[in-house]
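Data first, discussion second: the structure below is written as structure tokens.
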Amino acid sequence: MSLLQKVPKVTSIDYYFDIVSIPAWVLFERFSILKETHKEINFNFRPVHAGNLFTTIGVQVPYTTPNLKKNYFEEQRLFARLHGLNIRTDPVEQFWQRLWVENKALSSQKDLEEALNSSQICLDFDLNENSFSNDEWCNKLNENHREAVEAKFFGIPWTVLHFEKDLNSRKEFFGIDSWPLICQYLKIPQKLFGDVLLF
1 MSLLQKVPKV TSIDYYFDIV SIPAWVLFER FSILKETHKE INFNFRPVHA GNLFTTIGVQ
61 VPYTTPNLKK NYFEEQRLFA RLHGLNIRTD PVEQFWQRLW VENKALSSQK DLEEALNSSQ
121 ICLDFDLNEN SFSNDEWCNK LNENHREAVE AKFFGIPWTV LHFEKDLNSR KEFFGIDSWP
181 LICQYLKIPQ KLFGDVLLF
């Protein structure tokens, strides 16, 4: 009997992620599908701002220096190729150029609409003032951020598996490359990320 066969059943999963991270998005897609097929597991999706998390622990955010920015976008293109995802980084690069290099505001609906239009990023939903005044959303992000810092989660995506019979029993995973181990703990077959939408 392998060591993993003796592991208690997973009862809940906490997933800390930033939606602007391609690796975090792919893992989010995986967990969203699992949520539909594994009703016995409680999934807690906890969005955070990765930039704030990095700053809190003293790490430079990817866009603060030209080299970090260049490497970040190269990594995203490489990740997309490896996993069969079709992405374009040029609109996002224009968007972040406005925010980080030109230091233009992004604090109102008008600012955001101008930034999206100038970088040719198309949204399939309407922006409204409520999205900027939603205290509940901001409070939840701050709460998730505090939890992540207190738990010493230094990056995203971060996954925490909780097990039955022991409320203190948990296993933590950092990064997308932990997916094979997560599959073993969940006792499910591992699939490649390229088929993320087909799983």
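According to full-length UniProt numbering, the residues represented by the sequence shown are 1 to 199, in order.
Heads up, the beta-carbon is just placed ideally off N, CA and C, and yes, glycines get one too.
Assigned with DSSP and collapsed to three states, Asp166 falls in coil, not helix or strand. Put simply, the backbone Cα of Pro8 is about 35 angstroms away from that of Gly51. Unbroken alpha helix (DSSP H) stretches of 4 residues or longer found wholly inside the segment 80-117: 90-96, given in chain order. Contact check for Ser12 and His162: beta-carbon distance about 4 angstroms, within the 8 angstroms limit, so the pair qualifies.
Secondary structure of Asp177 (DSSP, three-state): helix.
At the C-beta level, Tyr15 and Glu147 stay beyond 9 angstroms of one another. DSSP, read as helix, strand or coil, puts Pro23 in helix. Residue environment analysis places Asp177 among the exposed positions, since fewer than 16 neighbouring C-beta atoms fall within 10 angstroms of its C-beta.
One Cα belongs to Lys35, the other to Phe73, and the distance between them is close to 30 angstroms. Distance check between Lys171 and each of Trp179, Lys165 and Thr159 places Thr159 closest, using alpha-carbon atoms only. Taken through DSSP and simplified to helix, strand or coil, Glu74 comes out as helix.
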